[in-house]
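Those protein sequence lines, which keep their order, are chains A and B.
The numbers in the first sequence follow my numbering, run straight up by one, and end at 516.
The numbers in the second sequence follow my numbering, run straight up by one, and end at 362.
Beta carbons: idealized from backbone N, C-alpha and C, even for Gly.
None of the values given here were measured: they were computed from a predicted structure.
Beneath this line is the structure, given in C-alpha cells, with notes to follow.
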Amino acid sequence: MAQAVTTLTQNVLREGLILPRTPDPAVMVIFGASGDLTARKLMPALYNLALNRYLPSGFSVIGVADTALSEADFKANMAEAVRKFSRTQPVDHAVWQSVAEGIAYVRMPFDDQDGYGRLAAELERMDRERGTNGNRVFYFATAPQFFPVIVERLGASGIARAGEGWKRVVVEKPFGHDLKSAQALNQAIHAVFSEKQVYRIDHYLGKETVQNVLVFRFANGIFEPIWNRRYVDHIQITVAEDIGIGRRGKYYETAGALRDIFQNHLLQLLSIAAMEAPANFDADTVRDEKVKVLKSIHPIDVANDVIHGQYGPGWVGGQQVPGYRQEQNVSPTSTTETYVAVRLRIDNWRWADTPIYLRTGKRLPSRASEIAIQFKNAPHLPFAKTAVQDLNPNVLVMRIQPHEGASLKIAAKIPGPVMRLRTVNMDFFYGSSFLIESPDAYERLVLDCLLGDPTLFAREDEVERAWGLADTIETGWATQPPPNFPNYAAGTWGPEAADALMERDGRRWRRP
Amino acid sequence: MSGEHGELSTRTFVDVHAIQDELEQVRWGLHDDGEFSEAAEHAAAEARASVLNLITVVGSERQLTQVSHVLDALSITNPSRTLILLAQHDRSTGKLEAEVSAQTRTETGHRVTTERVLLHAHGEVATHLASMVTSLLIPDLPVVLWWPGRPGFDNPLFDDLCELGDRLVVDTDEGFETPDLRRLLEVARREHASASIGDFNWARLMPWRHLAAQFFDMPGMLVHLGRIHGVAVYHGRDGSTTQARLLGGWIQGRMASVGVDVPVELRPDDGFEHGVCRFLIYSRGEDGQARFSISYQRGGRLSTEIRVDDQDFVDRTVRMGRRSAEELLATELTLPGHDVLFEEALAASLR
Numbered sequence: 005m006a007q008a009v010t011t012l013t014q015n016v017l018r019e020g021l022i023l024p025r026t027p028d029p030a031v032m033v034i035f036g037a038s039g040d041l042t043a044r045k046l047m048p049a050l051y052n053l054a055l056n057r058y059l060p061s062g063f064s065v066i067g068v069a070d071t072a073l074s075e076a077d078f079k080a081n082m083a084e085a086v087r088k089f090s091r092t093q094p095v096d097h098a099v100w101q102s103v104a105e106g107i108a109y110v111r112m113p114f115d116d117q118d119g120y121g122r123l124a125a126e127l128e129r130m131d132r133e134r135g136t137n138g139n140r141v142f143y144f145a146t147a148p149q150f151f152p153v154i155v156e157r158l159g160a161s162g163i164a165r166a167g168e169g170w171k172r173v174v175v176e177k178p179f180g181h182d183l184k185s186a187q188a189l190n191q192a193i194h195a196v197f198s199e200k201q202v203y204r205i206d207h208y209l210g211k212e213t214v215q216n217v218l219v220f221r222f223a224n225g226i227f228e229p230i231w232n233r234r235y236v237d238h239i240q241i242t243v244a245e246d247i248g249i250g251r252r253g254k255y256y257e258t259a260g261a262l263r264d265i266f267q268n269h270l271l272q273l274l275s276i277a278a279m280e281a282p283a284n285f286d287a288d289t290v291r292d293e294k295v296k297v298l299k300s301i302h303p304i305d306v307a308n309d310v311i312h313g314q315y316g317p318g319w320v321g322g323q324q325v326p327g328y329r330q331e332q333n334v335s336p337t338s339t340t341e342t343y344v345a346v347r348l349r350i351d352n353w354r355w356a357d358t359p360i361y362l363r364t365g366k367r368l369p370s371r372a373s374e375i376a377i378q379f380k381n382a383p384h385l386p387f388a389k390t391a392v393q394d395l396n397p398n399v400l401v402m403r404i405q406p407h408e409g410a411s412l413k414i415a416a417k418i419p420g421p422v423m424r425l426r427t428v429n430m431d432f433f434y435g436s437s438f439l440i441e442s443p444d445a446y447e448r449l450v451l452d453c454l455l456g457d458p459t460l461f462a463r464e465d466e467v468e469r470a471w472g473l474a475d476t477i478e479t480g481w482a483t484q485p486p487p488n489f490p491n492y493a494a495g496t497w498g499p500e501a502a503d504a505l506m507e508r509d510g511r512r513w514r515r516p
Numbered sequence: 012m013s014g015e016h017g018e019l020s021t022r023t024f025v026d027v028h029a030i031q032d033e034l035e036q037v038r039w040g041l042h043d044d045g046e047f048s049e050a051a052e053h054a055a056a057e058a059r060a061s062v063l064n065l066i067t068v069v070g071s072e073r074q075l076t077q078v079s080h081v082l083d084a085l086s087i088t089n090p091s092r093t094l095i096l097l098a099q100h101d102r103s104t105g106k107l108e109a110e111v112s113a114q115t116r117t118e119t120g121h122r123v124t125t126e127r128v129l130l131h132a133h134g135e136v137a138t139h140l141a142s143m144v145t146s147l148l149i150p151d152l153p154v155v156l157w158w159p160g161r162p163g164f165d166n167p168l169f170d171d172l173c174e175l176g177d178r179l180v181v182d183t184d185e186g187f188e189t190p191d192l193r194r195l196l197e198v199a200r201r202e203h204a205s206a207s208i209g210d211f212n213w214a215r216l217m218p219w220r221h222l223a224a225q226f227f228d229m230p231g232m233l234v235h236l237g238r239i240h241g242v243a244v245y246h247g248r249d250g251s252t253t254q255a256r257l258l259g260g261w262i263q264g265r266m267a268s269v270g271v272d273v274p275v276e277l278r279p280d281d282g283f284e285h286g287v288c289r290f291l292i293y294s295r296g297e298d299g300q301a302r303f304s305i306s307y308q309r310g311g312r313l314s315t316e317i318r319v320d321d322q323d324f325v326d327r328t329v330r331m332g333r334r335s336a337e338e339l340l341a342t343e344l345t346l347p348g349h350d351v352l353f354e355e356a357l358a359a360s361l362r
C-alpha cells in the first residue's frame with residue numbers, strides 16, 4: 005500500500021475544542037515550595053488543570069525550598085494539600101498519581117550556588133526522561149526579599165538560559181513596596197530575563213468576574229456610545245472587605261490599604277473600566293490601553309482628594325471586633341491606614357471633568373467589589389414634581405464579588421391611575437446563566453503562563469505607573485500632620501471625611 | 012439558605028388565550044383575581060431574566076417524570092419558558108389539557124423563575140401541537156427543542172417543531188439506527204429552516220477528541236498527524252456502535268479536510284459493556300511506526316500512551332467524567348449555531 009505523506013502545519017484535530025492548543029511539556033520550578041501559597045493555591049491549581057486535560061504529558065514540577073524534606077515527604081505534603089484545598093472533591097487518586105510521577109524536590113537555601121547545580125542536574129533529568137525540552141517556568145512563591153537573589157543565581161548558574169526551549173518567570177505580588185523598589189526589582193530581573201519572559205501575577209485579573217467586565221463593555225454594542233463624559237456623571241469603584249487583617253498584622257503594618265489594594269486591585273479595576281476599546285485581545289494591545297489610562301490620571305491633590313482612615317473597635321455582622329491597633333502584631337500607636345478613598349480625574353477626551361472615586365477599606369459593613377457608573381440625570385423631566393420625588397439617576401453596576409453580575413437602575417411608573425415614579429433595579433446574575441463551575445484564578449493564570457499569554461499579567465510600565473500614583477499619595481501624607489486614628493468604627497462605611505469628600509461635589513457614596 | 016421551589020399556579024386549560032393569561036400571571040407572580048395589590052405592584056416592577064424557550068416532547072407519563080427531574084435541576088441555571096408536550100397519538104377523541112406552573116428557586120440567593128407549560132394532547136390534536144406552541148413562546152429568544160429518546164421522524168409534529176426551533180437536541184445513544192442518523196443529518200442540512208443539532212452522545216466524546224488532538228500538539232508529533240494510515244475504535248459488546256462510529260467519523264472527516272483518507276475499523280471489546288472503550292491511531296513516519304492510544308479505565312478515567320518505533324513516551328491519566336443528562340443539556344443550551352464538526356463526523360460515519 006502506498007504510504008500517504010501529508011505535511012501539516014497545524015493540528016486539524018484541535019478545531020472545535022476549548023483551547024487553541026495544549027501547552028508545551030515543561031518543568032515548573034517552584035521556589036518556596038514548602039510554603040502556604042504552593043499548598044493552598046499552586047498545587048491544587050495544577051491538579052485541577054491536569055484533571056481537566058489542560059496539562060501536557062510530561063509536565064513536571066520541581067519544588068525548591070530550604071525545608072528538610074525527602075522527595076517522598078514533599079509528595080505526601082502536596083497530596084495532602086490537594087486533598088484539603090482542591091476545589092473539586094474528592095481527589096481522583098489515579099489522576100493525582102499521574103501528576104505526582106512528575107514531581108521532584110530539591111532542598112537548598114535560595115542563595116546556595118551548589119544547590120543551583122543540583123537543580124540544573126534535576127532539570128536535565130526531567131528533559132531526558134519526561135521530554136520537557138528545556139521549557140521552564142520559574143515560579144517565585146517566596147517572600148519578596150528573595151526575588152533578586154533567586155534571579156541572580158538562576159542567571160549565574162546558567163539555568164536561566166540553558167538548552168533549548170522557552171524560559172518564563174512568574175513573580176507574585178507584592179511587586180516592590182514603592183516605585184523605587186519596583187524599579188530596582190525590574191532591573192534585577194531584566195539583568196537575566198527580558199520583559200517578555202516576566203509574568204507578574206495579580207490574581208484579581210485571573211478572576212472570571214474581572215474578565216467579564218471586559219466582555220460586558222466590548223461585546224455589547226449598546227454601552228460604548230454612552231460610556232463617556234457626555235452621559236456619565238461619575239464613576240465609583242469600591243473594594244470593601246468586612247474582615248480585618250487576621251494574622252497578617254506584620255505584613256499589613258508595612259503595607260496598609262494603599263499598597264495592599266489601591267496600588268493593584270483598585271487601579272486594575274479603574275483601568276478596565278475606563279480604558280479605550282483595544283483593537284484586538286493581544287497581550288500588548290490590551291495592556292497598552294490599560295497603561296494609557298494610568299498615564300492620563302491628573303496629578304493627585306493629596307490634601308483635597310485623598311482620605312485615609314483606620315478602624316477602631318466596633319461591630320461587624322453581629323460580632324464585636326477589636327480595632328486595628330488591638331490586632332495581633334500591630335503597634336498600639338500604629339498610623340497604618342486601613343481605608344483609602346481617592347478622587348481622581350482622567351485627562352482625556354472620554355473622561356475629562358468626570359470624577360472617578362475609588363475606595364477600599366477593611367472592616368466595612370459588607371464585602372463587595374464593584375464598578376458603578378452613575379449616569380447624568382435626564383435633561384428635562386416632563387412630570388409633575390410630586391411624581392419624581394426621590395427619583396435617582398440611572399446607575400449601571402458591574403459587580404465583581406460577591407454575586408457577580410450587572411444591574412441597571414431605571415425609573416418606572418408605579419401602576420395606578422396617577423403618575424408616580426419609582427426607581428427599580430434590573431439585575432442580571434452571571435451565576436444564573438452558566439452551570440459550569442468557575443475555575444480558580446490561579447488555574448487560569450498558570451495555564452496562560454504555560455501557553456505564553458501574558459494578557460492577564462501586569463507589565464513593567466503598568467506596575468511602575470501604579471506605584472508612582474501610590475508614592476504621590478504616600479508623599480502627600482508625609483507632609484500632613486499625623487492622622488487622628490482610629491477615625492472610623494469597625495462596621496461603618498469609613499471615616500466621615502470620606503463622606504465629606506463626596507458631599508463637597510454634591511454626591512454620595514453608594515451603599516454596595 | 013435552602014431553595015424554595017413553589018408551584019405558584021397549576022390549572023387545566025384548553026384555550027390558548029387562557030394559557031397566555033395564566034403565563035403572564037405566574038411570570039410576574041400576580042394575584043389571579045386581577046387586582047393590583049401592593050405585592051403585585053412590587054412584582055410588576057421587578058426585572059426578570061430569561062435566556063431561552065425550551066420545548067421538550069415526551070410520549071408517556073413515565074418519560075414525563077424523568078424529563079421533569081432534569082428540567083427541575085436546570086431551571087436555576089437557565090431561566091426560561093419551558094413547554095413540555097406530552098403527545099399521545101392514540102385513537103382516542105382529540106383532547107387537549109394544559110397546566111401552567113412557575114418554579115421559583117432561590118439557591119443562589121437570588122430569585123430565578125422558570126415558567127412551565129405542560130400540554131397534554133390525545134388523538135389528532137397531538138399531531139398539531141406546534142400550532143399552539145408558536146403562540147406561547149417568549150419573543151426574540153432562541154428556541155431549543157429537546158427530544159429525549161428516538162424522535163418520531165415521520166410524525167409531522169417533528170418537522171413542525173424543527174422548523175420552529177433554532178436547535179434540536181437529541182441523544183443518538185438512545186437507539187438511533189443508520190436511517191435515524193441520516194434523517195438527523197438531513198435536518199441539519201436543510202436549505203430552509205435548518206436547525207442546528209446537539210447530541211449528548213457527541214458531547215460525551217469530547218474528552219476522547221481532546222486527548223487525541225493533544226497527542227499532536229506535543230513537540231515533534233505533528234508530523235505523524237499527516238501520516239495517519241488507520242484508526243481502530245473499540246466499543247462495548249452490547250452491539251451499540253453509534254458512539255464509535257461518530258468518533259471514527261470525526262477523525263475521518265477532519266483528516267479528509269486535509270486530503271488524508273483514514274480507514275476506520277470498529278472492533279467489539281468483550282470486556283466492556285457499552286460505548287467507546289479504546290481509541291488507537293496508527294501512523295508511519297520517518298522515525299518508524301507510531302501508535303497513539305487512549306483507553307478507558309475503571310472509575311471514569313482515560314489514560315493515554317504514545318509509542319514511536321518501540322519507544323514509550325510519558326503516559327498520563329485524566330478524568331473523563333460521566334456527565335448527567337442535566338449537565339449535558341445545560342451545555343447544549345449555551346452552544347450557538349451549527350456544530351460543523353458534528354455534522355462532518357456524522358456525514359463521515361454514514362459513508
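Alpha carbon of residue i to alpha carbon of residue j, nearest angstrom
i: residue 196(B); j: residue 461(A); result: 45 Å
i: residue 205(B); j: residue 32(B); result: 32 Å
i: residue 327(B); j: residue 314(B); result: 6 Å
i: residue 168(A); j: residue 231(B); result: 14 Å
i: residue 342(A); j: residue 247(A); result: 11 Å
i: residue 511(A); j: residue 413(A); result: 17 Å
i: residue 125(A); j: residue 208(A); result: 36 Å
i: residue 367(A); j: residue 256(A); result: 14 Å
i: residue 81(A); j: residue 155(A); result: 26 Å
i: residue 316(A); j: residue 485(A); result: 20 Å
Closest by C-alpha distance to residue i, when choosing among the options
i: residue 93(A); options: 51(A), 354(A), 57(A); result: 51(A)
i: residue 153(A); options: 20(A), 120(A), 311(A), 514(A); result: 120(A)
i: residue 480(A); options: 305(A), 469(A), 349(A), 466(A); result: 305(A)
i: residue 177(A); options: 146(A), 162(A), 164(A); result: 146(A)
i: residue 281(B); options: 266(B), 272(B), 246(B), 268(B); result: 246(B)
i: residue 277(B); options: 271(B), 258(B), 266(B); result: 258(B)
i: residue 1(A); options: 220(A), 273(A), 191(A), 300(A); result: No statement about residue 1(A) is possible, as the shown extent of chain A runs from 5 to 516 and does not include it.
i: residue 329(B); options: 55(A), 272(A), 403(A); result: 55(A)
i: residue 12(A); options: 267(B), 71(B), 209(B); result: 267(B)
i: residue 136(A); options: 90(B), 179(B), 310(B), 229(B); result: 229(B)
Limits of the alpha helix (DSSP H) - the one that residue i falls within
i: residue 76(A); result: 75–89
i: residue 448(A); result: 445–455
i: residue 508(A); result: 500–508
i: residue 130(A); result: 117–134
i: residue 387(A); result: Taken as a continuous stretch (DSSP letters only), residue 387(A) belongs to no alpha helix (DSSP H), as it is neither H nor E.
i: residue 296(A); result: 287–299
i: residue 239(B); result: Premise fails: residue 239(B) lies in the beta strand (DSSP E), 239–246, not in any alpha helix (DSSP H).
Any non-hydrogen atom of the ligand FMN closer than 8 Å to residue i Cβ
i: residue 275(B); result: Among the components modelled here there is no ligand, and therefore nothing to report on the ligand FMN.
Continuous beta strand (DSSP E) stretch holding residue i: start and end
i: residue 408(A); result: Note, residue 408(A): premise wrong, no beta strand (DSSP E); not H, not E.
**Q.** Length-filtered (3 minimum) beta strand (DSSP E) runs lying within the segment 302–355 of chain A
**A.** 310–313, 318–320, 323–325, 343–348
Q) Where in the segment 205–274 of chain A do unbroken runs of the alpha helix (DSSP H), each at least 4 residues long, occur, reported from the N-terminal end onward? A) 212–222, 253–261
Q.
If we require 3 or more residues per run, which beta strand (DSSP E) segments fall completely within the segment 262–331 of chain B?
A. 275–279, 287–296, 299–308, 312–319, 327–330
Q) In the segment 186–233 of chain B, which residue ranges form an unbroken beta strand (DSSP E) of at least 3 residues, counting only runs that do not cross its ends? A) 207–210
Q: Can you give me, in chain order, the residues of the segment 206–238 of chain B that have a beta carbon less than 7 Å from any beta carbon in chain A?
A: 218, 220, 221, 222, 223, 224, 225, 227, 228, 229, 230, 233, 236, 237, 238
Q: Anything in the segment 311–326 of chain B with a Cβ closer than 9 Å to a Cβ of chain A? List those residues in chain order, please.
A: 311, 312, 313, 314, 315, 317, 324, 325, 326
Q. Of all the residues that make up the segment 131–156 of chain A, which are near chain B by a beta-carbon distance shorter than 7 Å?
A. 134, 135, 137
**Q.** Interfacial residues, the segment 259–270 of chain B to chain A, with Cβ spacing under 9 Å
**A.** 261, 262, 265, 266, 268, 269, 270
Q. Given a limit of 7 Å on CB to CB distance, which residues of the segment 453–482 of chain A reach chain B?
A. none
Q | Selection of the segment 14–37 of chain A by Cβ proximity to chain B, strictly under 9 Å | A | 14, 15, 16, 17, 18, 19, 20, 21, 22, 23, 25, 26, 27, 28, 29
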